[in-house]
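Q:
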Amino acid sequence: MDHATTYHIGTGSTAAKYTTADTTPAIKGFLSLDAAAKGRRRGKKGQTQAGSPADAANAFLKCQFLPKLFAPQSSQDCGDTALVEQQFYDSLSELCTHYNITPIPSRQYGYPYNVTLALWDTERKLKDKVENWQTVRLTRREEWIFITSIERIDTGPYLYYIPVIPLYKMLHDCQHEKAGQLLLSLCSYLYQVAGIPYYRNEGSFLYWQYEMMEQWVAEEEDCEGKEEQLKEIEDARQIGDYIYKEIAGMKQLNAFAERLAVFGAGNDFEKECFDVAASAFALYTQFPNECIFRNGSREEEQEDYDEYYGDVLSMDKYISFYADTKGLLSENLCSTVNMNFDECIAKEEPCIQKHFDGEPVTGDLSFEMRLFALIGDLCYILENF
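Note that my numbering has the sequence shown beginning at 14, numbered continuously upward.
#1: Can you list, in chain order, the stretches of the beta strand (DSSP E) that have 3 or more residues and sit fully within the stretch 223-261?
#2: Considering only the alpha carbon of each residue, which of L180, Y122, C357, D248 lies closest to D324?
#3: Would D255 be called buried (16 or more neighbouring beta carbons within 10 Å of its own) or exposed?
#4: Does R213 come out as helix, strand or coil in the three-state DSSP assignment?
#5: Can you tell me the Cα-Cα spacing of C200 and I260, whole angstroms?
#6: Among the candidates A95, F101, Q205, whose CA atom is the shortest distance from the CA of L132?
#7: Taking its Cβ as the centre, do 16 or more other Cβ atoms sit within 10 Å of E232, making it buried, or is it exposed?
#8: How about F218 and D329: are their beta carbons less than 8 Å apart?
#9: So, do the stretch 173-185 and the stretch 269-276 have three or more beta carbon pairs nearer to each other than 8 Å?
#10: Would you kindly work out how many angstroms separate the C-alpha atoms of G389 and G340, rounded to a whole number?
#11: Which residues in the same chain as K284 place their Cβ atom closer than 8 Å to its Cβ, once the five residues preceding and following it in sequence are excluded?
#12: Rounded to whole angstroms, what's the CA-CA distance from T402 to T110? Just pull it up for me.
#13: Per the contact definition of three or more C-beta pairs closer than 8 Å, is the stretch 147-161 in contact with the stretch 295-302?
#14: Have a look at S162 and L243 and give me their C-alpha separation to the nearest angstrom.
#15: Going by beta carbon distance, what residues of the same chain come within less than 6 Å of S343, once the five residues before and after it are set aside?
#16: Please list the terminal residues of the continuous alpha helix (DSSP H) segment that includes C364.
#17: I believe Y181 touches I246 by the beta-carbon criterion, under 8 Å. Please report the beta-carbon distance rounded to the nearest angstrom.
#18: Determine the closest residue to H289 out of Q147, R383, I209, with distance taken between C-alpha atoms.
#19: Going by C-alpha to C-alpha distance, which of F334, L139, G262 sits closest to I209?
#20: With DSSP run on the structure shown, which of helix, strand or coil describes L378?
#21: Measure the alpha-carbon distance for W146 versus Y122 and round it to whole angstroms.
#22: Give me the residue from V350, E396, I305, R137 with the minimum Cα distance to F380.
#23: DSSP state of G277, grouped into three classes?
#24: What beta strand (DSSP E) runs, 3 residues minimum, are completely inside the stretch 322-366?
#25: From which residue to which residue does the beta strand (DSSP E) around S162 run?
#26: What does DSSP give as the partner residues of R150 in its beta bridges?
#27: For P301, tell me which candidate among C286, N267, F287 has the shortest Cα-Cα distance.
#28: Could you check whether the Cβ of V206 sits closer than 7 Å to any heavy atom belonging to the ligand FMN?
#29: Beta-carbon separation of L326 and E361 under 8 Å?
#30: If you count every other CB in all the chains shown that lies within 10 Å of the CB of M352, and 16 or more means buried, which is it?
#31: From E240 to Q299, what does the alpha carbon distance come to, in whole angstroms?
#32: Give the DSSP-derived three-state secondary structure of Y102 in the structure shown.
#33: So, using beta-carbon positions, are L4 and E164 closer together than 8 Å?
#34: Could you tell me which of I332, L346, E396, A359 sits nearest to Y171, measuring between CA atoms?
#35: From what residue to what residue does the alpha helix (DSSP H) around Y181 run?
#36: Kindly indicate which three-state DSSP category I394 falls into: helix, strand or coil?
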């Protein structure tokens with residue numbers, strides 16, 4: 014499966030500032046921001062041949078232009094350039110071995126241009142080859158210079174909200190009860206092990222969003238669909254508490270393997286449920302103690318965490334269980350969340366830094382990549398039930 018059932022966060026793709034927009038319908042399939050950024054390309058037929066002779070033009074086009082000189086800040090103040098060069102190329106060798114790339118010959122150009130050229134070439138090759146790669150930079154630790162590579166998952170302008178009311182309906186539908194129990198075990202894994210926040214916990218971001226929505230609906234005299242929203246709020250509370258009791262205990266998680274083993278898919282829908290549950294169990298087996306927030310990294314560190322938390326789109330704000338995708342309550346909730354995110358100046362996403370400083374390089378984002386895909390598939394199933 015390749016699905017995502019989520020809501021847009023605004024309309025832009027800029028991480029530093031989000032543009033608020035009306036809540037959009039659910040989206041099937043992750044949006045590729047790269048496709049929108051490529052723009053138009055000029056075709057060969059539309060180009061007029063220049064007046065220069067063909068041989069001269071071809072010779073010009075075959076030339077390779079090297080990047081402009083940019084002396085990396087970390088190496089500018091180091092007095093022993095020979096030592097800096099040696100440390101840099103030792104680090105570059107580690108990086109190239111790790112990513113299996115071949116560096117461009119650059120030593121002959123002399124310092125600091127050789128360092129600039131090597132970094133430029135490395136960035137170009139990593140961008141083409143390494144998924145989730147973001148940038149490389151020179152790092153200085155006391156008298157030691159080495160390269161740091163940063164990998165970061167682009168989670169896109171989405172809310173990864175998992176609805177629980179459709180799951181409740183599955184559990185109380187005799188035709189879909191077995192599939193519902195399978196997904197219940199999956200959700201128990203997501204909550205207990207993967208650490209997905211639950212909207213009925215007071216410490217969660219969405220708990221207070223629902224509280225504010227309830228207060229607003231109750232106090233607003235001219236509220237559109239007031240009775241309908243009050244009913245949806247009560248359902249969100251009662252059903253949310255019911256599902257929480259189920260997934261917070263060990264019973265559902267302990268039954269995960271057995272339910273997979275005896276489950277027989279009788280139709281396409283049940284096959285989708287089995288596939289997403291099997292993917293989740295495989296992830297659980299391979300990463301039995303890993304949490305979605307294990308590599309959460311803000312774009313910058315802040316001393317005043319409370320003040321910064323209000324300005325950052327942290328992962329616990331856009332990843333969560335919630336009540337439902339349907340109804341006025343859901344529409345108004347997502348609109349309110351979008352307006353809150355409009356004020357964010359930074360976004361927290363899974364991110365790792367690999368330091369090529371002579372020590373073993375470990376860590377990757379494979380767990381997070383599989384988990385985000387899993388959440389998308391699960392949301393698709395629940396929203397279309």
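Glycine residues also receive a C-beta, built at the ideal position from the N, C-alpha and C atoms.
Model, not experiment: these values are computed from the prediction.
A: Well, looking at it:
#1: Runs of the beta strand (DSSP E) inside the stretch 223-261: none found.
#2: Per the C-alpha coordinates, the member of L180, Y122, C357, D248 positioned closest to D324 is C357.
#3: One point to set straight first is that residue 255 is Tyr, not Asp, in the sequence displayed. Burial is judged here by how many other beta carbons sit within 10 angstroms of a residue's own beta carbon; Y255 has fewer than 16 and is exposed.
#4: It is coil, neither helix nor strand.
#5: The alpha-carbon atoms of C200 and I260 are separated by roughly 6 Å.
#6: The candidate whose alpha carbon is nearest that of L132 is F101.
#7: Answer is exposed; the Cβ neighbour count stays below 16.
#8: In contact: F218 and D329 (Cβ atoms closer than 8 Å).
#9: Output reads no: the stretch 269-276 does not touch the stretch 173-185.
#10: Put simply, the backbone Cα of G389 is about 20 Å away from that of G340.
#11: Excluding sequence neighbours, K284 sits near A278.
#12: Nothing in the structure corresponds to residue 402, since the chain is present only between 14 and 398.
#13: Taking 8 Å as the limit for Cβ pairs, the verdict is that the stretch 147-161 does not touch the stretch 295-302.
#14: S162 and L243: Cα-Cα distance of roughly 50 Å.
#15: Excluding positions up to five away in sequence, the list reads D337.
#16: Per DSSP, C364 belongs to no alpha helix (DSSP H); it is in the beta strand (DSSP E), 362-369.
#17: Between I246 and Y181 the Cβ distance is about 15 Å, and since that is not below 8 Å, they are no contact.
#18: As written in the sequence, residue 289 is Val, which differs from the His given in the question. Taking each of Q147, R383, I209 in turn and checking the Cα distance to V289, the smallest one comes out for R383.
#19: For the residues F334, L139, G262, the minimum Cα distance to I209 belongs to F334.
#20: The answer is coil: DSSP assigns L378 none of H, G, I, E or B.
#21: Their backbone Cα atoms lie some 27 Å apart in a straight line.
#22: With distances taken between Cα atoms, F380 lies closest to I305.
#23: Note: G277 maps to coil in three-state DSSP.
#24: Listed in chain order, the complete beta strand (DSSP E) runs (minimum 3 residues) inside the stretch 322-366 are 332-335.
#25: Secondary structure note for S162: its beta strand (DSSP E) is the uninterrupted segment 157-165.
#26: Beta-bridge annotation (DSSP): R150 is paired with T161.
#27: Checking every option, the nearest Cα to that of P301 belongs to N267.
#28: This structure does not include the ligand FMN; it has no bound ligands of any sort.
#29: For the 8 Å CB-CB criterion, L326 and E361 form a contact.
#30: Counting other Cβ atoms within 10 Å of its Cβ, M352 stays below 16 and is therefore classed as exposed.
#31: Looking at the backbone, the Cα of E240 and that of Q299 are separated by about 47 Å.
#32: In the structure shown, Y102 sits in a helix (DSSP, three-state: H, G or I).
#33: In the structure displayed, the chain extends from 14 to 398; residue 4 sits before or after that span and is not available.
#34: Among I332, L346, E396, A359, the Cα nearest to that of Y171 is on I332.
#35: Taken as a continuous stretch (DSSP letters only), the alpha helix (DSSP H) holding Y181 covers 178-184.
#36: The DSSP-derived three-state label of I394 is helix.
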